[in-house]
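What follows is a set of notes on a single structure, which appears directly below.
Residue numbers (my numbering): 115 to 451.
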């Protein structure tokens, strides 16, 4: 009974109408407004927890901008590949020739030079999950290109700046900041109702959408995938409360599995240790990590990695700072259809 599968793709689908992000969208529009006059916009940092519409808001705003200005836009997800030269290749591919370059081995300087030579009008690049870049010096190089404007998406601004040296940090200190709050239940219901109209062949009662939204706890990604899983489970039948209660854990497991598959090597090692030996204090975890990886990693860096894993519901932090213990979140296997 699903009419359009793509409507439930939480990473790629951009709705025709953006609800409950008008304030954030207005801030982004103001930051990019100089582009209407052929100038570059203000670099913008969009923050907030997972599933609060950061990516959708940014992509929707750029789609609107393209209807009003002569501008090139590009969306790059740094989860897909966090190596700076690959990200740079992807940015270049939108405006310059790349047929004679190799995505995984062309020298950084060559890519950057060709990018500068190729841009002849305002260009806005969204870098999603930007704190995952292996080298944030790339941001300094991109910011030095006059025609280029960056929209950086991250869960926490401090995570991004923690990996920057002062030279890079100073470039982005004065940029526009947009924070997205978690959605309320009523807001998620409206978001889900729109997905029902666009993606399903039948209506879903409001009380069912409210149940999904309540389970999702402010996370639109979880709510949308839960609706999709519920529709799959129900098949030709109606979606019931029992179906929703089965679908939500499956949706969460699906999202966690996808995130886990894209972790960096050191993150995957850390997650495996926490799952196998947790709950663990940092004093217990760090020696295990060093022994397993052979890498002398500081406790501060490990805490930052664990926070990122917690942002995506792969790890749970229990207790206060001094006595905090980390435990892996169980991933439920998803059904095959």
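All C-beta atoms in this analysis are idealised placements derived from N, C-alpha and C, irrespective of residue type, glycine included.
In chain order, what residues of the same chain have a beta carbon less than 6 angstroms from the beta carbon of residue 108, not counting five sequence neighbours either side?
For the chain, the structure presents residues 115 to 451; residue 108 sits outside this window and is missing.
Return the CA-CA distance between residue 173 and residue 237, expressed in angstroms with no decimal places.
14 angstroms
Could you tell me the boundaries of the beta strand (DSSP E) in which residue 430 lies?
Run containing residue 430: 429-432, per the beta strand (DSSP E) assignment.
Helix or strand or just coil, what does DSSP make of residue 346?
In this structure, residue 346 counts as helix in the three-state DSSP scheme.
Under DSSP, the alpha helix (DSSP H) around residue 372 begins and ends at which residues?
355-375
Please name the residue, chosen from 152, 199, 191, 294, that lies closest to residue 233 on a Cα-to-Cα basis.
152
Measuring straight from C-alpha to C-alpha, what distance separates residue 191 and residue 294?
19 angstroms
Answer with buried or exposed for residue 203, where buried requires no fewer than 16 other C-beta atoms within 10 angstroms of its C-beta.
Residue 203 counts as buried, since at least 16 other C-beta atoms from the protein chains shown sit within 10 angstroms of its C-beta.
What is the DSSP secondary structure of residue 262, counted as helix, strand or coil?
strand
Whether or not the region 270-289 and the region 311-324 are in contact is what I'm after, with contact meaning three or more pairs of Cβ atoms, one per stretch, closer than 8 angstroms; do they touch?
no
DSSP three-state label for residue 155, please.
coil
Pick helix, strand or coil for residue 379, following the three-state DSSP scheme.
Here residue 379 sits in helix by DSSP.
Can you name, in chain order, every residue of its own chain whose Cβ lies under 7 angstroms from the Cβ of residue 347, other than the five neighbours on each side?
357, 360, 361
Return the residue from the list 427, 421, 368, 380 that minimises the CA-CA distance to residue 248.
380
Going by DSSP in three states, residue 188 sits in which element: helix, strand or coil?
DSSP places residue 188 in strand when its eight states are reduced to three.
Can you tell which of 119, 241, 417 has its C-alpha closest to the C-alpha of residue 160?
241
Of all the options 332, 335, 331, 304, which has the alpha carbon lying nearest to the alpha carbon of residue 320?
304
What residue from 425, 430, 246 has the CA that sits closest to residue 378's CA?
246
Measuring CA to CA, which of 271, 270, 256 is closest to residue 264?
For the residues 271, 270, 256, the minimum Cα distance to residue 264 belongs to 256.
CB-CB under 7 angstroms to residue 199, same chain, minus the five flanking residues each way: which ones, in chain order?
220, 222, 225
May I have the straight-line CA-CA distance separating residue 269 from residue 343, to the nearest angstrom?
26 angstroms
If you follow the alpha helix (DSSP H) that residue 175 is in, where does it begin and where does it stop?
Note, residue 175: alpha helix (DSSP H), 168-182.
Taking all protein chains shown into account, decide if residue 116 is buried (16 or more other Cβ within 10 angstroms of its Cβ) or exposed.
exposed
Could you spell out the range, first to last residue, of the alpha helix (DSSP H) harbouring residue 203?
198-207
Which residues in the same chain have their Cβ closer than 7 angstroms to the Cβ of residue 324, if we skip the five residues on either side of it in sequence?
299, 303
Could you give the distance in angstroms between the alpha-carbon of residue 387 and the alpha-carbon of residue 399?
8 angstroms
In terms of residue numbering, what span does the alpha helix (DSSP H) encompassing residue 233 cover?
That residue, residue 233, is in no alpha helix (DSSP H); it is neither H nor E in DSSP.
Taking residue 179 as the reference, give the member of 392, 150, 402, 333 with the closest Cα.
150
Check the C-beta distance from residue 124 over to residue 335 and give it rounded, since I have them as a contact under 8 angstroms.
Contact holds; Cβ gap of about 5 angstroms.
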